[in-house]
Every structure is written in C-alpha cells, then in structure tokens.
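Undergrad: Dropping a structure here in structure tokens format, bear with me for questions.
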Amino acid sequence: MSSSSLISLPEPLRQFFNSFPLYTYSSDDKVNPSATPAKPTLWILPPPKNDEPSRLSGDVECLKWQTYISLRGISDFDVRWDISEDAGIDGHLPSLHLPTAQLLSKFKIPAWVDSAQGPLDELEGYRDRSSRDESRAWVTLLEGNVHAAVALDKATKQSTSLLLSQSSHTSLESFLHPTPPPLTGLSMPFPPSGARISIPEIQLHYREAIWALSERLGEDTWFLGSPIPTALDALAFAYLHTILREPGLLRSVVEGCPNLMAWEKRVLKSIQHPKSIKIN
Numbered sequence: 124m125s126s127s128s129l130i131s132l133p134e135p136l137r138q139f140f141n142s143f144p145l146y147t148y149s150s151d152d153k154v155n156p157s158a159t160p161a162k163p164t165l166w167i168l169p170p171p172k173n174d175e176p177s178r179l180s181g182d183v184e185c186l187k188w189q190t191y192i193s194l195r196g197i198s199d200f201d202v203r204w205d206i207s208e209d210a211g212i213d214g215h216l217p218s219l220h221l222p223t224a225q226l227l228s229k230f231k232i233p234a235w236v237d238s239a240q241g242p243l244d245e246l247e248g249y250r251d252r253s254s255r256d257e258s259r260a261w262v263t264l265l266e267g268n269v270h271a272a273v274a275l276d277k278a279t280k281q282s283t284s285l286l287l288s289q290s291s292h293t294s295l296e297s298f299l300h301p302t303p304p305p306l307t308g309l310s311m312p313f314p315p316s317g318a319r320i321s322i323p324e325i326q327l328h329y330r331e332a333i334w335a336l337s338e339r340l341g342e343d344t345w346f347l348g349s350p351i352p353t354a355l356d357a358l359a360f361a362y363l364h365t366i367l368r369e370p371g372l373l374r375s376v377v378e379g380c381p382n383l384m385a386w387e388k389r390v391l392k393s394i395q396h397p398k399s400i401k402i403n
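Whatever position you read off the sequence shown (first residue = 1), add 123 for this note's numbering.
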C-alpha cells in the first residue's frame, strides 16, 4: 500500500495532538519491582516522613509482618517502600519478594519463616494451649476496638486537614459520615438513614482495651508469659508503636501505662538490633 493511500489527520487535529508530545524515559529511571533481590525483601507502605531512618512502616498491617519476621529471629532481610500497593499480591502490601524471584503474600510469610528458622510447635510459641487460645481473644481486641480507634483518629486528622485547606465552612461530620450517593443516580427527597459511628463509644472501648492489655502484660517479657515472642507480640507492638508516633488522645492513654511504654521501647530496640532478641 502506497503512502498516498494512507489516511492523514486533518491539520487542526494534528496541531491539537502536537500539544501533547509523547515523551519516553530511560528504563534506568523506572522502578522495576520484578528485579530479583539479593536478599528477601519485604514490600511495605512507607514509614512516616519524620521517621524514615527507622525503616518501620507507617501502616499497622505492614509493620506487624515486619515485626513478626524480626521477632522470629530473621535479621538478614530488606524492606522497600518505593513500590505501588497495586504491585503487591492481590493489590495489597506487604508482600515478600524472595531471591528465587517468588513473590509471597502476607499469608505465606509464616510458612517461609518456618522454612528458614524451623517450624514452631503446635503451641505457636505460647506456654500452653490455654495461653494459645487466649491469644485469639487479644488479637480480636486489638484488631477490633484498638484498630477502630486508630482508623478513626487517622480519618479525623485527614478530615481536619482537608477542612483547613478549604474556603467553605463544611462540617467535620460531613467528612466522617459523608452522605452516600443515591441508589438511582438522582437526588433523593429525604435524607438517608443508617447507623452512625459513636466517637465517644469508640474512644471508651479503646481506653478499656489498652488498660486491659497493660494489666495482662504486667511485668512479663512477652505477652501471656510466653517464653519466646509470638504473633500476638508482633501485633501488639505494631499498634503501640503506630499510636506512640502521633501526639493526641490515643497516645496519652498508652502513656498512662508505664509497662506498655517500657515494653514498646524494648521491643523497638530488639527489632532494630536483632541480636538483642531473647529467643530462648
């Protein structure tokens, strides 16, 4: 086919497209998440900007797994936070990238740790079956009442920041509880009904959870008197460390529990200097 038979763009349209030139970039400028790492590398959401040297994720879920790996005695692993969350397994982080080029979801991390360190027995590090079963209740408390307060605190701060950046006097309630879109796509003649979040109730349950956690820890080295760090310790640290990073009501409640403060500080030192972790 000759070039004369090709359809050419009209000049006005050609000028329009010329306003949006196509740029190409060197592959060296791109993050390549598929590049095989030299050592196991945990993909995480980034640390807070004021705490990047710690290399500890600002996301509770990522920090939990970061802590779990360290408390199980693995120190020779890396972290990176220059990867989009969409690149993780099922579009979520953390994910663990191995030198074998495998990419593991967070749910496969315990099995990988077991293969590297040797599996735990049926007690999972707890001193007896009763403690192991009790740990499930504490996990539920942390991922329920404590998580709700952390999520609310984050949403409130984001909403406040948004309010301060806007010229209109929109209420905070409208950001915390936005009106859902109408099912029909049309404006409804009556306001939507539904459950509203009770902020005082969430804060009360949070206080009770932290006080209970403090009482249960007592002067033990690990939660529930376990001889070695467990998954519960990793989860508790992730929440406490996240809470203590930000000033406010949540932090003040934890600061009222000296044993939790001391425990968080000791675990933080342990995961930053793995040789100090008492495994046996």
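Heads up, the beta-carbon is just placed ideally off N, CA and C, and yes, glycines get one too.
1. Please confirm whether leucine 405 and leucine 383 have their CB atoms less than 9 Å apart.
2. What runs of the beta strand (DSSP E), each 3 residues or longer, lie entirely inside the stretch 163 to 222?
3. Given a cut-off of 9 Å, decide if serine 393 and serine 258 are closer than it, judged by their beta-carbon atoms.
4. Kindly give me the distance between the Cβ atoms of phenylalanine 360 and threonine 190, rounded to whole angstroms, as I take these residues to be in contact under 8 Å.
5. Would the stretch 345 to 352 count as touching the stretch 248 to 256 if we require 3 or more Cβ pairs under 8 Å?
6. Do the stretch 319 to 328 and the stretch 255 to 275 make contact, defined as three or more Cβ pairs closer than 8 Å?
7. Should glutamate 387 go down as buried or exposed, given a rule of 16 or more other Cβ atoms within 10 Å for buried?
8. Rounded to the nearest angstrom, what separates glutamate 338 and valine 262 at their Cα positions?
9. In angstroms with no decimal places, state the Cα-to-Cα distance between serine 375 and aspartate 244.
10. Buried or exposed, going by whether 16 or more other CB atoms sit within 10 Å of the CB of serine 294?
11. Below 7 Å CB to CB, which residues in the same chain sit around isoleucine 197 once its five sequence neighbours on both sides are set aside?
12. Please state whether DSSP places leucine 246 in a helix, a strand or coil.
13. Tell me the DSSP bridge mates of serine 254?
14. Which residues in the same chain as arginine 255 place their Cβ atom closer than 7 Å to its Cβ, once the five residues preceding and following it in sequence are excluded?
15. Is the separation between the beta-carbon of isoleucine 206 and that of leucine 221 shorter than 9 Å?
16. Cβ-heavy atom distance between serine 349 and the ligand ZN below 8 Å?
17. Would you please state the rounded distance, in angstroms, between the beta carbons of valine 377 and leucine 367? I believe it to be under 8 Å.
18. Ordered along the chain, which non-local residues of its own chain (more than five positions away) have a Cβ less than 6 Å from that of leucine 226?
19. Once you ignore the five residues that flank lysine 229 on each side, which residues in its own chain have a CB closer than 6 Å to its CB?
20. Would you report the Cα separation of glutamine 281 and leucine 264, rounded to the nearest angstrom?
21. Suppose contacts are defined by Cβ-Cβ distances below 9 Å. Is proline 170 in contact with tryptophan 204 by that definition?
22. Provide the residue(s) that pair with leucine 227 in DSSP beta bridges, ordered along the chain.
23. Could you say which of Ala354, Gln395, Trp334 and Ile351 lies nearest to leucine 373 if we only look at CA atoms?
24. Check glutamate 369 in the structure and name its three-state DSSP category.
25. Measuring straight from C-alpha to C-alpha, what distance separates serine 253 and isoleucine 167?
26. Do proline 352 and arginine 178 count as a contact pair if the criterion is CB distance below 9 Å?
27. Just to confirm my understanding: we take aspartate 201, look at its own chain, exclude 5 residues before and 5 after, and list those with CB closer than 6 Å. What are they?
TA: Result, derived from the coordinates:
1. In the structure displayed, the chain extends from 124 to 403; residue 405 sits before or after that span and is not available.
2. Runs of beta strand (DSSP E) with 3 or more residues, each lying fully within the stretch 163 to 222, are found at 164 to 166, 201 to 203 and 218 to 220, listed in chain order.
3. No, the pair does not count as a contact, with Cβ atoms beyond the cut-off.
4. 5 Å
5. yes
6. yes
7. buried
8. Distance between the alpha carbons of glutamate 338 and valine 262: 16 Å.
9. 38 Å
10. In this prediction, serine 294 scores a pLDDT of 49, lower than 50, which makes its location untrustworthy; the coordinate-derived value is nonetheless stated afterwards. Classification of serine 294: exposed, given that the 10 Å Cβ count is below 16.
11. Val236, Ala239 and Gln240
12. coil
13. Per DSSP, none; premise fails for serine 254.
14. Leu246, Glu247 and Tyr249
15. no
16. This structure simply doesn't include the ligand ZN, nor any ligand for that matter.
17. About 6 Å separates the two Cβ atoms, so the contact holds.
18. Result list for leucine 226: Ser218 and His220, in chain order.
19. Trp188 and Pro217
20. 25 Å
21. yes
22. Leu219
23. Trp334
24. coil
25. 33 Å
26. no
27. Lys162 and Thr164
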